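**Student:** The structure under discussion is supplied below as C-alpha cells; questions concerning it will follow.
In the working numbering, the protein residues as written are 83 to 252.
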C-alpha cells in the first residue's frame with residue numbers, strides 16, 4: 083500500500099507499508115507488513131499538523147483518522163552527561179535546523195559560559211531529519227563534595243528560550 087504524509091496540508095513524503103506492526107495485525111486480525119516509516123522535514127517555528135493517507139489497490143486514497151500536531155516554536159535539546167568536569171548533550175533550533183545552536187550554562191545561578199554546538203550527532207540528525215553539528219561537550223569545573231545546580235539554556239532565533247535541564251551534581 084502507498085502511504086502519503088502531509089504537513090500543513092501539503093504532501094511531504096510517501097512510501098509503502100513495509101514494516102511489521104503487530105498492533106495493526108492484532109486489531110485487523112491480519113498478518114503482514116502494514117507499518118511504515120517515512121522521514122519528513124519540518125521547518126519553521128510553528129505548530130505543524132501532520133496527516134496521512136493510504137492508497138489501496140483500487141487507486142483511491144483514504145485519509146487516516148489520526149492527526150499529529152508537532153510544536154516547533156521552541157528549541158529542541160537535551161543534556162545527557164553531567165559530571166563535575168563536563169556537560170554534554172545536543173540542541174536544535176527549528177528556525178535554522180541545519181545550523182549550530184548557542185547553549186548557555188549557569189552554575190549555582192551564575193552565568194558560566196555560552197557555547198555553540200560543534201559536534202556532529204548522526205543520531206540527532208537522523209531522528210530530526212537535519213544536518214550539521216548539534217552536539218556539545220562543555221568542560222566545567224565545580225568544587226567536589228558540594229551540591230551544585232547546573233542549568234543549560236538554549237536560545238533560538240526568535241529569542242524563545244528552552245531550559246534543557248536543571249541538574250544537581252556532587
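All residues carry an ideal CB built from backbone N, CA and C; glycine is no exception.
Keep in mind it's a predicted model, so treat the numbers as computed, not measured.
Let me check understanding here. Comparing Cα to Cα, which of 87, 195, 191, 198 lies closest to residue 229?
**Tutor:** Comparing Cα-Cα distances from residue 229 to each of 87, 195, 191, 198, the minimum goes to 191.
**Student:** At which residues does the alpha helix (DSSP H) containing residue 108 begin and terminate?
**Tutor:** Its alpha helix (DSSP H) spans residues 104-110.
**Student:** Return the residue from the list 225, 95, 106, 195 that minimises the CA-CA distance to residue 32.
**Tutor:** No information on residue 32 is available, as it lies outside the stretch 83 to 252 that the chain covers here.
**Student:** Nearest to residue 99 by CA position, among 90, 91, 84, is which residue?
**Tutor:** For the residues 90, 91, 84, the minimum Cα distance to residue 99 belongs to 84.
**Student:** Where does residue 252 land, buried or exposed, given buried means 16+ other C-beta within 10 angstroms?
**Tutor:** Note that residue 252 scores a pLDDT of 43, beneath 50, so its modelled location is shaky; the value from the coordinates is reported in the next line. That one is exposed.
**Student:** Nearest-angstrom Cα distance between residue 101 and residue 195?
**Tutor:** Going by the C-alpha atoms only, they are around 45 angstroms apart.
**Student:** Pull up the distance between the alpha-carbon of residue 155 and that of residue 174, whole angstroms please.
**Tutor:** The straight-line gap from Cα to Cα measures roughly 12 angstroms.
**Student:** What's the gap between the Cα of residue 187 and the Cα of residue 151?
**Tutor:** Straight-line Cα distance between these residues: approximately 30 angstroms.
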